[in-house]
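To start, the structure itself, in structure tokens.
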Amino acid sequence: MNRVTTRLTGIYAYLDNLIVTGKSWENHVERLCVLFTRLASYHFKANFAKSEFGHAKLVYVGHVVSQRKKVGGQSVTPSQQKKEGPGIHPVPVKKAKVSPMTAAKPTSF
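UniProt numbering applies: residue 1 is where the sequence shown begins, and numbers increase by one.
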């Protein structure tokens, strides 16, 4: 995906996830058109059922991406969930609850 988005301004890729930014709505739509043209040239298709458009703030790969107060900039910060870490899980009291957490086959205790 990095090869597909090379030299495209305001378009970022992580694995098969894409994010498109813009300084204005018109700029954002223009960049989307460029991206869709590039995807078509590589014979890729966008899954519009999984796509979201026009957000001023979103969570992307564990980070919150939003507009800055400055004109035309973006702000990227770790999401609250990423800051807190994986969380604390209660101690399981039944053998059936232990196996899924350890991804191991149940054994006798």
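Virtual Cβ for every residue (Gly too), placed ideally from N, Cα, C.
### Query
Using CA coordinates, which residue listed in Leu58, Thr5, Thr77 is at the minimum distance from Leu39?
As a first step, residue 39 is located in the sequence shown; it is residue number 39 there, counting from the start. Nearest C-alpha to Leu39: Thr5.
### Option nearest Asn17 by Cα separation, candidates Gln67, Leu8, Val61
Along the sequence shown, one-based indexing puts residue 17 at 17. Answer by Cα proximity: Val61.
### Query
Does the separation of the CB atoms of Ser93 and Ser79 fall below 9 Å?
Translated into positions along the sequence shown, residue 93 becomes position 93. Translated into positions along the sequence shown, residue 79 becomes position 79. Here residue 93 turns out to be Val, not Ser, going by the sequence shown. No, these two residues do not count as a Cβ contact at 9 Å.
### Message
Just list the residues that DSSP pairs Lys57 with in beta bridges.
### Response
For the purposes of this step, residue 57 is taken as the residue at position 57 of the sequence shown. Beta-bridge pairing links Lys57 to Ser66.
### Task
Output the distance between the C-alpha atoms of Lys45 and His28, rounded to the nearest integer angstrom.
Numbered from 1 along the sequence shown, position 45 holds the residue referred to as residue 45. Numbered from 1 along the sequence shown, position 28 holds the residue referred to as residue 28. Roughly 19 Å between the two C-alpha positions.
### Message
What does DSSP give as the partner residue(s) for Pro78 in the beta ladder?
### Response
Residue mapping note: residue 78 aligns to position 78 of the sequence shown, counting from 1. The partner list for Pro78 (beta bridge, DSSP) reads His63.
### Query
At what residues does the alpha helix (DSSP H) containing Leu39 begin and finish?
In the sequence shown, counting from the first residue as 1, residue 39 sits at position 39. Start and end: 25-41.
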